[in-house]
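When you line the sequence shown up against this note's numbering, it's residues -15 to 120, in that order.
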Amino acid sequence: MEIKQRSIIIFLLCFLLSLTSNACIVPPSQRITSEEARFFDKADVVFFGRLDAEHIDDNAIKQTAVFTVIKSYKGNTRGKVTVINRMTSSCSRPFEKPGSAYYIYAQTTDDESSYLIDGFASFVSLEDAQSYHWSP
-15 MEIKQRSIII FLLCFLLSLT SNACIVPPSQ RITSEEARFF DKADVVFFGR LDAEHIDDNA
45 IKQTAVFTVI KSYKGNTRGK VTVINRMTSS CSRPFEKPGS AYYIYAQTTD DESSYLIDGF
105 ASFVSLEDAQ SYHWSP
C-alpha cells in the first residue's frame, strides 16, 4: 500500500473515531450564541441572573447554584432561583465566581424555584457574551 493511501486511511479512521467520541468540539457558550433560537425554543426558562452561591457535589456529579434573576426572557422566573447543573458530559461546565452574571437556558423541575441543566452547559457567561458581541 502506498504511503499516500495509508495516510488517507489513517486520517479517515481518526476522523470517524472523533465523531463517536464524547468530546465537546465547540464550546457550549459558542454553540448557544450561534444557535440561540434553537436553545431558546428548547428551554422552559431563559433568564439573565447573578450567581450568588454554588456548591459542587462530586459524588452526584452535579453543581447546585443559587441565582438572583435580573431579567427573565422566557418562563416565570424572578427573585432567587436554584439551578441544578448536572455535569455528566464533556460539554458540561461549572458556574464560576459568585457575583458573576450568566444567561441561563434551563428546564423546569417539580420545584417551582428550581431549574435543571442536564449535561450540556446551556448557559453563557456575561464575559463570553461580551467577547462574542452577543445578547439574546
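No residue lacks a Cβ here, since even glycine has one placed at the ideal position from N, Cα and C. All figures in this text were calculated on a predicted structure; none of them were measured in a lab.
DSSP places A44 in the coil class of the three-state scheme, outside both helix and strand. In the structure shown, F79 adopts coil according to DSSP, grouped into three states. Distance from the CA atom of A105 to the CA atom of N69, rounded to whole angstroms, is 8 angstroms. Listed in chain order, the beta strand (DSSP E) runs fully inside the region 6 to 73 are 29 to 41, 46 to 58 and 64 to 70, counting runs of at least 3 residues.
Per DSSP, the unbroken alpha helix (DSSP H) holding S115 starts and ends at L110 to S115. The region 39 to 59 and the region 6 to 23 do not touch, with fewer than 3 CB-CB distances between them shorter than 8 angstroms. Excluding sequence positions up to five before and after Y116, its CB lies within less than 6 angstroms of the CB of T17, all in the same chain and listed in chain order.
Rounded to whole angstroms, T92 and W118 show a C-alpha spacing of 25 angstroms.
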